[in-house]
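K.L.:
Got a structure here, written out as structure tokens. Questions coming.
Below is the structure:
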């Protein structure tokens, strides 16, 4: 359906206004990250660049050790991103190209887990991790998150759009399931893999509750806990420094998004177009 010029103009204006509203907290944080404590509390609020730009960012990086927190988080997020994507691909392969009892029931049960927030399972998960002796290390931060109902659903739907005669041809050529996955499905799934990787990296980068509960040593903590610590390690919270830390913490996921956003969009549009 072709839109009239007036309708296109209205849609574009609505999208621009929505984007500005969504980005307002980010712009506010960036402005406050450059201001002194007096400028932060000034009324009416100052929304321009302040006089403590370099000082706030230097303080946030050096005195609160954000580099270590970000390194820990990057390692955890990268491990989960890689292994969760691999396991989701294997599960999607099984649900599409293999026949076994209760296949549909298993798939719907996996979808059902999407309605269960992590918080309702956190006590049982804490007890399990403690019994395994994984507390206070990377195993407790990575292994519980390596299975993903979202990832299984995403790859299952993507593999369903690929013609089944490709699997038949691979069997005739003597290719096993893993060879079929590596040689046929993987080259056709780049956009879906990128979408999955982006979702999971940002999800793990924003983890707060679980590392707060399971990690006791400060040197092993993740970035979100590090940002919270910035408000408790100061006698009087300097919100300019805190906002500087928050802006620094946004950089890695922003870079990942910039690198993968095109594939991310195509990954979701591909299944819809087919």
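In the working numbering, the protein residues as written are 28 to 301.
The beta carbon of each residue, even a glycine, is placed where N, CA and C say it ideally should be.
Quick caveat: nothing in here was measured; it's all calculated off a predicted structure.
Measure the CB-CB distance between residue 213 and residue 169 and report whether it falls below 9 Å.
P.N.:
The sequence position of residue 213 within the chain shown is 186, counting from 1. The sequence position of residue 169 within the chain shown is 142, counting from 1. No; because the gap between Cβ atoms is not below 9 Å, this pair is not in contact.
K.L.:
Label residue 100 either buried or exposed according to how many other C-beta atoms from any shown protein chain fall within 10 Å of its C-beta, with 16 as the threshold for buried.
P.N.:
Locating residue 100 in the chain shown gives position 73, where the first residue counts as 1. So residue 100 ends up on the buried side.
K.L.:
In or out: residue 351 buried (at least 16 other Cβ within 10 Å) or exposed?
P.N.:
Because the chain spans 28 through 301 in this model, residue 351 falls outside it and cannot be assessed.
K.L.:
Is the separation between the beta-carbon of residue 183 and that of residue 109 shorter than 9 Å?
P.N.:
Taking the first residue of the chain shown as position 1, residue 183 is located at position 156. Taking the first residue of the chain shown as position 1, residue 109 is located at position 82. Going by C-beta atoms, residue 183 is not nearer than 9 Å to residue 109.
K.L.:
Assign residue 231 to buried or exposed, taking buried as 16 or more other Cβ atoms, counted over all protein chains shown, within 10 Å of its Cβ.
P.N.:
Translated into the one-based positions of the chain shown, residue 231 becomes position 204. Buried, since its Cβ has 16 or more Cβ neighbours within 10 Å.
K.L.:
When the Cα atoms are used, what is the spatial distance from residue 309 to residue 224?
P.N.:
Only positions 28 to 301 of the chain appear in the structure, and residue 309 is not among them; the question remains open.
K.L.:
Could I get the ranges of all uninterrupted alpha helix (DSSP H) runs contained in the segment 180-235, with 4 residues as the minimum, in chain order?
P.N.:
Entirely contained in the segment 180-235, the alpha helix (DSSP H) runs reaching 4 residues are, in chain order, 192-199, 204-207, 217-232.
K.L.:
Using only the alpha-carbon positions, how far apart do residue 258 and residue 278 sit?
P.N.:
The count along the chain shown starts at 1 and reaches residue 258 at position 231. The count along the chain shown starts at 1 and reaches residue 278 at position 251. C-alpha separation (whole angstroms): 20 Å.
K.L.:
Put residue 67 into one of helix, strand or coil per three-state DSSP.
P.N.:
By one-based count along the chain shown, residue 67 stands at place 40. If DSSP states are grouped into helix, strand and coil, residue 67 belongs with the helices.
K.L.:
Cβ atoms of residue 222 and residue 166: under 9 Å apart, would you say?
P.N.:
Start at 1 with the first residue of the chain shown, and residue 166 comes out as number 139. Start at 1 with the first residue of the chain shown, and residue 222 comes out as number 195. It is not a contact, given that the beta carbons lie outside the stated cut-off.
K.L.:
Select from 135, 203, 189, 150 the residue whose C-alpha is nearest the C-alpha of residue 177.
P.N.:
For the purposes of this step, residue 177 is taken as the residue at position 150 of the chain shown. For residue 177, the nearest C-alpha among the options comes from 135.
K.L.:
For residue 159, which of helix, strand or coil comes out of DSSP?
P.N.:
Within the chain shown, the letter at position 132 stands for residue 159. Of the three classes helix, strand and coil, the one that applies to residue 159 here is coil, per DSSP.
K.L.:
Can you check which of these residues, 266, 241, 281, 218, is closest to residue 291 by C-alpha distance?
P.N.:
Mapped onto the chain shown, residue 291 falls at position 264. Of the listed residues, the one whose Cα sits closest to residue 291 is 218.
K.L.:
Is DSSP giving residue 30 helix, strand or coil here?
P.N.:
Position 3 of the chain shown holds residue 30. Coil.
K.L.:
Ignoring anything shorter than 4 residues or poking outside the segment 50-120, list the alpha helix (DSSP H) runs there in chain order.
P.N.:
With a minimum length of 4 residues, the continuous alpha helix (DSSP H) runs that stay inside the segment 50-120 are 64-67, 80-90.
K.L.:
Taking C-alpha atoms, which residue in 173, 86, 67 lies nearest to residue 114?
P.N.:
Taking the chain shown and counting its residues from 1, the one referred to as residue 114 is at position 87. Here the closest residue by C-alpha is 173.
K.L.:
Rounded to a whole number of angstroms, what is the C-alpha to C-alpha distance between residue 281 and residue 128?
P.N.:
As a first step, residue 281 is located in the chain shown; it is residue number 254 there, counting from the start. As a first step, residue 128 is located in the chain shown; it is residue number 101 there, counting from the start. Distance between the alpha carbons of residue 281 and residue 128 is about 43 Å.
K.L.:
Sorted by chain position, which residues of the same chain lie with C-beta nearer than 7 Å to residue 244's C-beta, five sequence neighbours on each side aside?
P.N.:
Against the chain shown, residue 244 aligns to sequence position 217. So the list reads 163, once near-sequence residues are dropped.
K.L.:
Would you kindly report the start and end of the unbroken alpha helix (DSSP H) that includes residue 136?
P.N.:
Here residue 136 refers to the residue found at position 109 of the chain shown. Its alpha helix (DSSP H) spans residues 130-139.
K.L.:
Quick check on the burial criterion: 16 or more other C-beta atoms within 10 angstroms. Buried or exposed for residue 11?
P.N.:
An answer regarding residue 11 cannot be provided, because it is not within the stretch 28 to 301 covered by the chain.
K.L.:
Are there three or more Cβ pairs, one per stretch, closer than 8 Å when the segment 143-163 is compared with the segment 196-216?
P.N.:
Segments in contact, no.
K.L.:
How should residue 83 be labelled, buried or exposed, when 16 other C-beta atoms within 10 angstroms of its C-beta is the threshold for buried?
P.N.:
If you number the chain shown from 1, residue 83 lands on position 56. Burial call: buried.
K.L.:
Rounded to the nearest angstrom, what separates residue 179 and residue 118 at their Cα positions?
P.N.:
To locate residue 179, count along the chain shown from 1; it is residue 152. To locate residue 118, count along the chain shown from 1; it is residue 91. Distance between the alpha carbons of residue 179 and residue 118 is about 6 Å.
K.L.:
Residue 189: which of 196, 203, 215 sits nearest, CA to CA?
P.N.:
For the purposes of this step, residue 189 is identified with residue 162 of the chain shown, where counting begins at 1. Cα-wise, what sits closest to residue 189 is 215.
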